[in-house]
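There are 2 protein chains.
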Amino acid sequence: MSTAEETSGGEVQPWGEVTPDAARRLLVAAVEAFAERGYHATTTRDIAGRAGMSPAALYIHYKTKEELLHRISRIGHEKALDVLRTAAESEGGPAERLAEAVRSFVRWHAGQHTVARVVQYELDALGPEARAEIVALRRQNDAAVRGIIEDGVAAGDFDVPDVRGTTIAVLSLCIDVARWFNVNGPRTPDEVGALYADLVLRMVGAKSRPRP
Amino acid sequence: MSTAEETSGGEVQPWGEVTPDAARRLLVAAVEAFAERGYHATTTRDIAGRAGMSPAALYIHYKTKEELLHRISRIGHEKALDVLRTAAESEGGPAERLAEAVRSFVRWHAGQHTVARVVQYELDALGPEARAEIVALRRQNDAAVRGIIEDGVAAGDFDVPDVRGTTIAVLSLCIDVARWFNVNGPRTPDEVGALYADLVLRMVGAKSRPRP
DNA sequence: TCCGAAGCTGAGCGCCCGCTTAGAGCGCCC
DNA sequence: GGGCGCTCTAAGCGGGCGCTCAGCTTCGGA
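Which chain is which? The protein sequence lines are F and Y, in order. Here full-length UniProt numbering is used: position 78 in the first sequence is 78, and no number is missing along the way. Here full-length UniProt numbering is used: position 133 in the second sequence is 133, and no number is missing along the way.
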């Protein structure tokens with residue numbers, strides 16, 4: 001399960017739950033390499049090199065290259081799901097909750113777009129059981145978003161003829177941010193999040209949107 | 001597999017412009033394989049095998065495996081751009097043109113999702129100059145959609161605070177259909193196209209939408 | 001002081017990759 | 001009929017891949 005990632009000093013560090021230190025460095029190197037070139041185009045020599053180690057060192061901490069991808073996918077999905085759920089379960093009406101969910105989910109996919117790319121686009125490189133585990137996590141994303149939209153419809157705040165289809169569209173819109181987002185582009189993750197939250201409220205026909 | 005688009009007076013099948021026949025069969029096999037496993041995970045032996053030929057036969061028609069990907073990407077993008085432009089330049093107001101553009105673009109990405117996947121997600125496997133060529137084609141997609149939205153804003157039909165951002169979002173939404181669309185799922189390409197056209201009209205705040 | 005476990009490296013194994021080459025089959029034009 | 005060019009195959013080359021293993025270093029505990 002996803003737990004707090006704090007050192008004794010209290011600082012939050014991205015892959016804090018991965019120990020020992022060498023294993024974490026290898027995993028961070030793998031995320032970089034997979035995001036840049038793709039899983040199949042990345043060699044174990046490249047990963048080890050980025051982590052400042054010999055190729056053989058990788059196999060002390062991970063059984064195979066695929067296990068690295070699996071760990072990255074699981075942790076990444078859990079983080080994204082955590083971000084989404086926190087927003088979905090927050091205080092406020094459906095419109096506020098949906099806006100906050102989209103805002104934070106998009107912010108994560110933009111800010112952590114290297115991880116997000118690996119997590120979203122390398123699923124097929126996993127074996128059947130690892131893939132099944134990840135797919136289950138994805139369905140929880142879907143359920144979280146659908147839940148908010150259903151609440152909004154029930155409350156009469158939203159006008160949505162096709163709840164399942166709209167849910168897919170909203171999630172798809174957010175996830176695809178990981179594909180096109182560019183750190184050197186004109187927008188910050190916060191700005192994209194705000195823009196997308198507004199667009200999604202329009203998609204669900206929210207009766208009263210927060211001021212732009 | 002859908003191969004034969006019937007000809008009434010000379011209209012061609014999906015990859016009709018690729019000759020000779022053996023080159024076309026190899027290309028179709030490559031599209032299947034790339035879409036299924038990804039470019040880097042696909043071997044030239046696999047492609048040739050699917051086309052019913054020996055591995056060496058591939059190199060009579062294509063200089064390298066990368067050239068195959070390049071040809072697929074170029075033709076695929078040109079087809080998609082053609083679909084989009086035809087709709088963008090059709091008769092009617094901005095709302096009708098935008099709806100038709102989204103409807104047909106989405107229909108293409110759903111119906112031809114194998115090609116679309118290769119075209120959209122394997123761009124990084126291309127060399128610098130081939131990639132530059134494809135990126136140029138993408139910018140034309142962007143310009144086509146932005147043009148319609150600008151028309152709608154100028155005519156007072158749309159309410160769009162951020163035209164560039166909304167353009168990216170609309171295209172992103174359509175393109176990502178290629179990732180999640182499933183032939184065995186509950187929706188046909190036509191249905192997804194209709195749903196998405198409605199959602200996009202909401203996103204741009206179209207004053208009067210066609211009947212749902 | 002010594003010992004065993006843990007972490008890591010240099011060397012390298014066996015496999016399969018993209019791609020090449022020599023040559024066979026076959027239709028076409030003179 | 002015969003040479004030619006196009007298409008295709010069987011065989012295989014060089015190389016880089018994922019991964020392994022023997023052995024070195026480091027270090028905490030008895």
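Glycine included, every Cβ here is placed at the ideal spot set by N, Cα and C.
query: With H, G and I counted as helix, E and B as strand and the rest as coil, what does DSSP make of Pro105/F?; result: The question names Pro, but residue 105/F in the sequence shown is Phe. Of the three classes helix, strand and coil, the one that applies to Phe105/F here is helix, per DSSP.
query: So, using beta-carbon positions, are Asp157/Y and Ala95/Y closer together than 8 Å?; result: yes
query: Quick one: what does DSSP say Asn182/F is sitting in, helix, strand or coil?; result: coil
query: Please name the residue in Val183/Y, Gly49/Y, Ile175/Y whose C-alpha comes closest to that of Ala116/Y.; result: Ile175/Y
query: Express the C-alpha separation of Pro20/Y and Arg138/F in angstroms, rounding to a whole number.; result: 44 Å
query: Going straight from the alpha carbon of Leu68/Y to that of Ser90/F, what length do you get?; result: 50 Å
query: Helix, strand or coil for Lys207/Y per DSSP?; result: coil
query: By the 9 Å beta-carbon criterion, what residues does the segment 171 to 204 of chain F contribute toward chain Y?; result: Leu171, Ser172, Leu173, Ile175, Asp176, Val177, Arg179, Trp180, Pro186, Arg187, Glu191, Val192, Leu195, Tyr196, Asp198, Leu199, Val200, Arg202, Met203, Val204
query: Nearest chain F C-beta to Gly38/Y closer than 8 Å, yes or no?; result: yes
query: Please report the residue range of the alpha helix (DSSP H) in which Glu131/Y lies.; result: With the sequence shown as reference, residue 131/Y is identified as Arg, and Glu is not the correct amino acid for it. Unbroken alpha helix (DSSP H) run through Arg131/Y: 128 to 154.
query: Specify, as a first and last residue, the run of the alpha helix (DSSP H) that Thr44/F falls within.; result: 44 to 50
query: From Gly205/F to Ala197/F, what distance separates their C-alpha atoms?; result: 12 Å
query: Under 7 Å Cβ-Cβ, which residues of chain Y neighbour Thr43/F?; result: Per Cβ cutoff of 7 Å: no residues; Thr43/F is ~11 Å from chain Y at best.
query: Looking at the C-beta of Ile148/F, does it have a partner C-beta in chain Y at a distance below 8 Å?; result: no
query: Taking 8 Å as the threshold (beta carbon to beta carbon), is Thr166/F in contact with chain Y?; result: yes
query: Taking the straight line between their C-alpha atoms, what separation do you get for Asp124/F and Arg50/Y?; result: 20 Å
query: Less than 8 Å between CB atoms is the rule here; does Tyr59/Y satisfy it with respect to chain F?; result: no
query: Please list the partners that Ala169/F has in chain Y, where partner means a Cβ-to-Cβ separation under 8 Å.; result: Leu173, Leu195, Tyr196, Leu199
query: If we define contact as Cβ-Cβ less than 8 Å, is Asp162/Y a contact residue for chain F?; result: yes
query: Is Ser172/F buried or exposed, if buried means 16 or more other CB atoms sit within 10 Å of its CB?; result: buried
query: Of the choices Arg131/F, Ser73/F, Val106/F, Asp190/F, whose alpha-carbon is the least far from that of Arg179/F?; result: Val106/F
query: Following the continuous alpha helix (DSSP H) through Asp159/Y, name the residue where it begins and the one where it ends.; result: No alpha helix (DSSP H) contains Asp159/Y, which DSSP labels as neither H nor E.
query: Mind checking whether the beta-carbon of Arg71/F lies closer than 7 Å to any heavy atom of the ligand HEM?; result: Of the ligands one can find in the structure shown there are none, so the ligand HEM has no counterpart to examine.
query: According to DSSP, is Tyr61/Y part of a helix, a strand, or is it coil?; result: Before going on, a small fix: residue 61/Y reads as His here, not Tyr. Helix, per DSSP.
query: Which residues in the same chain have their Cβ closer than 7 Å to the Cβ of Val160/F, if we skip the five residues on either side of it in sequence?; result: Ile149, Val153, Thr166, Val204, Gly205
query: Can you give me the C-alpha to C-alpha distance between Phe34/F and Lys207/F, rounded to a whole angstrom?; result: 43 Å
query: Is Asp124/Y close to chain F, meaning its C-beta is less than 8 Å from at least one C-beta of that chain?; result: yes
query: Helix, strand or coil, according to DSSP, for Ser54/Y in the structure here?; result: coil
query: Could you say which of Ala29/Y, Ile72/Y, Ala194/Y lies nearest to Gly52/Y if we only look at CA atoms?; result: Ala29/Y
query: Tell me the rounded alpha-carbon separation between Arg211/Y and Arg45/Y.; result: Its pLDDT being 45, under 50, Arg211/Y is placed unreliably by the model, and the measurement read from it follows with that caveat. Whole-angstrom Cα-Cα distance: 51 Å.
query: Under 7 Å Cβ-Cβ, which residues of chain F neighbour Tyr121/Y?; result: Tyr121
query: Could you check which residue in Thr42/Y, Thr43/Y, Ile47/Y, Tyr39/Y has the C-alpha nearest to that of Leu27/Y?; result: Ile47/Y
query: Measure the Cβ-Cβ separation of Gly111/Y and Pro189/Y and say whether it is below 8 Å.; result: yes
query: Please report the straight-line C-alpha distance between Thr43/Y and Arg24/Y, rounded to a whole angstrom.; result: 18 Å
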